[in-house]
Amino acid sequence: MKATKEVARLLCSVAFVAASFGGAGHALAQDASVSAPDAMQTDDNAAELDEIVVTGTLLRGVAPTGTNVVGVTSEDIVSTGVTSSADLLARVPQVTNAFGGVPQGSSTIAEPITRPNIRSLGASGGSTTLILLNGNRMVGAGILQTSPDPSAIPPSVLERVEVIPDGGSSIYGSDAIGGVINFITRKRYDGVELTAKYGMGDDYTTTDFSAMAGKDWGSGSALIAYAYAQHDAIAGADRDWFAQDHLAAGGSDFRSQSCTPGNITTGGVTYRMDTRTVGVNRCDENKAIDFYPEEERQSVYAALSQQLTEDLSFDVTGYYSERDTVRKGQSPTDGTGVRGTGTITSANPYFRPIGAETSQTVAFNYSAVTGDALENPSNFSSMGVTPTLTYKFDGGWQIRATGNYGRSTNTVHTRQINTTAQAAALAGTTAATALNPYDVGTTNSTVLDGILNYELYGDATQEIRSVRTVADGNIFSTAAGQARLALGAEYYEEKLDQTQGQGMIGNPIGASSSSNRDVTSLFGEIFVPLKGQDSGIGSIDVNASMRMDVYSDVGDTINPKVGFNWRPVSELRIRGNWGTSFHAPSLSDLGSSVDTRAQVLGVSPFRAGGSPASDLFRPTILLAGGNPNLKPEEATTWSFGADWNPVGALDGLRVNLTYFNVEFTDAIGLAPFFNGASYFANPSYASFFTLNPTQAQAEAATAGQRVENAPSITSLYTGGGATPYALIDARRNNLGSLKVDGIDFDIGYDWTLPLGTVSAGLAGTYTLNRDSQAVPGAPTVNELDNSTSRYSLVGTLGWRSGPVTVDAIVNHRAGYDVTGVVGQSEVDAYTLVNLFARYELPGEGWMQNTALTLNVDNVFDEDPPYFNSATGYANGATLGRVFSIGVRKAF
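Next comes the structure, spelled out in structure tokens:
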């Protein structure tokens, strides 16, 4: 292995030198004009297509063998009317975690970036779905995550998107377990194009503008594009279904008791703070926070191509994107950020007894001085540049040297109450130092400033650098055509700098960390056409690829893949593939992550059955955050399917069916210590905790870690208090497994009528089985029995006649059963209907090349399905009915 690694480093060094002389390069030349396998076989564009490498292969002029490619065309992108590439992926059924919803990151510093996930395979801080831009990796984004931000690439610069819902590690390396999503941008344009759009719905507006200019001079071209998008926030108060009180529906009441007016508890009885009578004041915090945050996004994209000599060409693409988000409040679970609770005694000059008591537990909020919720700003920026040098050799061989650099900066502020200052103020003994929880507005402003001038803060800078060389060409001829071979090497570096802290706004105190890794890779692919179409049994093509990745931190991995195409008749293709894939642990999941720590809890809320009540008052030590012992998540994937494109009487029909099967192991997650007695009683989790740990055990387990909420681990044993009850491994660990299989399908038909061309289609994904195992040895759970939708569908109906285009798009997500939910046994299906219309204006001069567009999303203003939870909904989401009008002008 050492010798192989040295050879790989040598090859990558040669590649780096070659790239350096020309400005580094682009890994996989992409052209969105090619996606379907049949497109490779037309005579008119054969010369051009011979130079194209499509998603899922290293070889020019060869489509991915045995693989189903789900394409989103430029026409599809326009008809959706989306202003974000993340929203675009929510229209693809195979992107199961986003389909039918409103993609947005969490409201915490942990995962503020939405992450598309094919097949909904978990990956903690990383991703099991690989995101590419023109065949190259994008830099990660976020704080405790390292997966890219798809919204950095505006839809206006996209030529198409290719989704391969199959394992792809034999070509691309890490992350491609569920599949690959490749954003393919426009490379050549001659002229100027302007697009503007304005959308409006109930208490919501959105604005989108883009401009693109390009010049093609034959031997080269240049293009630059700018995009701006902005939308308002949607307040929870503006959506009836975003609610917490479900008593009328037979559900639960999730409303908060920290309200204005608030509540007083004394002697085990709760009183309303305003009337001082027995009862509870409640407030729906969903009505105070944003369901959808305000956002402003700007992006610049550029591309340059030049033929330097007859055999040598240079290409470079680059982008910069910046996104600012302001969210009022946090999540329905975390609330408004202005909750207050604590104990007040008669020593506080504001104390108001109900009877003869000398202390009370009070629940209130600060909305009288802060407004209903605090605003939390975030900023995300990213950039990337990918130059390419391509040299053509005699005999049809070509070598491509690629450099790729990306950098992102991410900052998240979560404003909240300083609970330490609040406790001190409740214990204050003078009007100058005390908090008045009954009427917070009368509290001294200095005291309020100490409580309210507080935030959780996170920032991260991520960088990637890589150099990659791929050579491919013909190796021999068969009666069926040319056999082709590709060989390549890559050197990749990744770096993550993180800071996480809390304290005064603008001056938080916290921890920082820096981590990095390098990966050396060797890979290859071979394609052999075994039989031609006239062989008597039809054409047969086979393909094999393999990649070895050598990581500086998590070891080595080798992943193969084989595939075949069999075309018994020209209009039917039968295909299949098998391979292995992996996801290397994210830098944000390993032991150097900024959240790695020994967290001391002053009490022990998580205890084994039979534990005496006194154990509650003993401390617990949690090993939290990253884990240096993580290993890659792995999967074995295979699929089998057919594509039928008949001619004659059924000309215009297309049928694509694919059976897929994924076995996913070593999934990264947290052991469920929060389940208390059932966790401690389960032998599968025995290695994750130690009850009544000795000092030696505790010190050995926490060696070298930051200790929070205690001076040291030693002090828990020498301070004279109760010793720790439990030492619990709450870090991210390789735990469970998942087996999922199902069917992807796409059926469509186009036919010509006197009044125009009509097209209809139905596409989707149907899950046959989804069985998970929390840890090895644990019982297998059928996830389809609880809270998992079995299928997603997209139906389309379109009409085109001259300058007019009209499309209706129906997105449907199946309902599902739920267990353990009060007053509810199932969640309903969710169906959204969207409309699109375009009219190409006639005339010359300024009217020429002008189009008007209209989008109506959620035509029937359907609310998401009800779910008895703090959010009030599940199985989809919506902004409501939104009308958007647009204009496109080309010069």
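Just so we're aligned: 842 in the numbering used here is position 821 of the sequence shown, and the numbers increase by one with no gaps anywhere.
Note that the Cβ used here is the ideal one computed from N, Cα and C, for glycine as well.
Keep in mind it's a predicted model, so treat the numbers as computed, not measured.
| field | Alpha-carbon spacing of G816 relative to T364, whole angstroms | value | The alpha-carbon atoms of G816 and T364 are separated by roughly 57 angstroms.
| Does the Cβ of E546 have 16 or more other Cβ atoms within 10 Å, making it buried, or fewer, making it exposed? | Here E546 is buried, its C-beta having at least 16 other C-beta atoms within 10 Å.
| request: Pull up the distance between the alpha-carbon of L395 and that of P137, whole angstroms please. | output: Rounded to the nearest angstrom, the two C-alpha atoms are 29 angstroms apart.
| task | Keeping to the same chain, check which residues put their C-beta closer than 6 angstroms to that of G769; ignore five residues upstream and five downstream. | result | Correct list, in chain order: R675 and G782.
| request: Alpha carbon to alpha carbon, how far is V842 from Q62? Give it in angstroms, no decimals. | output: Any answer about Q62 is weak, because its pLDDT of 38 lies below 50 and its placement is not dependable; what the coordinates show is given next. Cα to Cα, the separation comes out at about 55 angstroms.
| query | Over what stretch of residues does the beta strand (DSSP E) that includes L447 continue unbroken? | reply | L447 -> not in any beta strand (DSSP E); alpha helix (DSSP H) instead, spanning T440 to L447.
| task | For D493, count neighbouring Cβ atoms within 10 angstroms of its own Cβ and tell me buried if that reaches 16, exposed if not. | result | With 16 or more other Cβ atoms within 10 Å, it is buried.
| Residue range of the beta strand (DSSP E) that S466 falls in? | DSSP places S466 outside any beta strand (DSSP E); the residue lies instead in the alpha helix (DSSP H), whose first and last residues are S466 to L473.
| query | Just how far apart, CA to CA, sit R373 and T357? | reply | Rounded to whole angstroms, R373 to T357 spans 26 angstroms at the Cα level.
| What is the DSSP secondary structure of N870, counted as helix, strand or coil? | Looking at N870 - three-state DSSP - the assignment turns out to be coil, as it is neither helix nor strand.
| request: Note down, in chain order, each residue of its chain lying with its Cβ closer than 8 angstroms to the Cβ of G597, except the 5 sequence neighbours on either side. | output: Once the five neighbours on either side are set aside, the close Cβ partners of G597 are G87, G584, F585, W659, S660, F661 and G662.
| said: I'd like the list of long-range same chain contacts for T94, defined as Cβ closer than 6 angstroms, with 5 residues on each side in sequence excluded. | reply: Cβ neighbours of T94 beyond the five flanking positions: R181.
| Just checking my contact of L305 with G350 at CB under 8 angstroms: how many whole Å lie between their CB atoms? | Inspection of the sequence shows that residue 305 is occupied by Asp rather than by Leu. With a Cβ gap of about 12 angstroms, D305 and G350 do not count as contacting.
| query | Can you check whether the CB of S542 is closer than 7 angstroms to the CB of D570? | reply | Yes, the Cβ-Cβ distance between D570 and S542 is below 7 angstroms.
| query | With 16 as the cutoff for other CB atoms within 10 Å, does S2 come out buried or exposed? | reply | As shown, the chain starts at 22 and ends at 912. That puts residue 2 outside it, with no answer to give.
| request: Classify V116 as buried or exposed, calling it buried when 16 or more other Cβ atoms lie within 10 Å of its own Cβ. | output: Buried, because 16 or more other Cβ atoms sit within 10 Å of the Cβ of V116.
| request: In angstroms with no decimal places, state the Cα-to-Cα distance between F37 and Y340. | output: Any answer about F37 is weak, because its pLDDT of 33 lies below 50 and its placement is not dependable; what the coordinates show is given next. For F37 and Y340, the distance between alpha carbons rounds to 22 angstroms.
| field | Rounded separation between A368 and R360 - CA only | value | Near 23 angstroms, if we compare the C-alpha coordinates of R360 and A368.
| Alpha-carbon spacing of F912 relative to S399, whole angstroms | If you take the alpha carbons of F912 and S399, they lie about 37 angstroms apart.
| message | With H, G and I counted as helix, E and B as strand and the rest as coil, what does DSSP make of I107? | response | The question names Ile, but residue 107 in the sequence shown is Ala. Helix, per DSSP.
| task | Look at G819 and S780 and say whether their C-beta atoms are less than 7 angstroms apart. | result | Contact flag set, yes.
| task | Name, in chain order, the residues that DSSP records as bridge partners for P550. | result | D562.
| said: Which of the three DSSP states is assigned to S607 in this structure? | reply: Residue state, collapsed to three classes: coil.
| From the DSSP output, which residues share a beta bridge with K11? | Because the chain spans 22 through 912 in this model, residue 11 falls outside it and cannot be assessed.
| request: Check the C-beta distance from L154 over to G405 and give it rounded, since I have them as a contact under 8 angstroms. | output: Under the criterion of beta carbons closer than 8 angstroms, L154 and G405 qualify as touching, at roughly 7 angstroms.
| message | In this structure, how does DSSP classify G462 when only helix, strand and coil are distinguished? | response | Looking at G462 - three-state DSSP - the assignment turns out to be helix.
| query | Do three or more CB pairs link the region 859-870 to the region 230-244 at distances below 8 angstroms? | reply | The answer is no - the region 230-244 does not touch the region 859-870, with fewer than three Cβ pairs under 8 angstroms.
| query | Which first and last residues belong to the beta strand (DSSP E) in which E180 is found? | reply | Segment L179 to I185, the beta strand (DSSP E) holding E180.
| With distances taken between CB atoms, is the gap from L151 to Y193 smaller than 7 angstroms? | Going by beta carbons, L151 and Y193 fall inside the 7 angstroms limit.
| task | In the DSSP assignment, find the alpha helix (DSSP H) that holds I192 and state where it starts and stops. | result | Start and end: S190 to Y193.
| How about T723 and A619: are their beta carbons less than 7 angstroms apart? | With contacts defined by Cβ atoms closer than 7 angstroms, T723 and A619 form a contacting pair.
| query | Among E96, G690, I245 and D187, which has the Cα closest to the Cα of D211? | reply | The closest CA to that of D211, considering only E96, G690, I245 and D187, is found on I245.
| task | Could you tell me whether the Cβ atoms of A510 and T490 are closer together than 7 angstroms? | result | The criterion of a C-beta distance shorter than 7 angstroms is satisfied by A510 and T490.
| For Q319, which residues from the same chain have a beta carbon less than 6 angstroms from its beta carbon, with the 5 sequence-adjacent residues on both sides left out? | Exclusion of the five residues before and after Q319 leaves Y249 and E343 as the residues of its chain whose Cβ lies within less than 6 angstroms of its Cβ.
| said: Which complete beta strand (DSSP E) runs does the region 796-875 hold, if anything under 3 residues is left out? | reply: Within the region 796-875, the complete beta strand (DSSP E) runs of at least 3 residues fall at 801-803, 812-822, 825-834, 837-842, 845-848 and 851-861.
| When DSSP builds the beta bridges, which residues end up paired with G222? | Note: G222 is bridge-paired with Y225 and V903 in the DSSP secondary-structure output.
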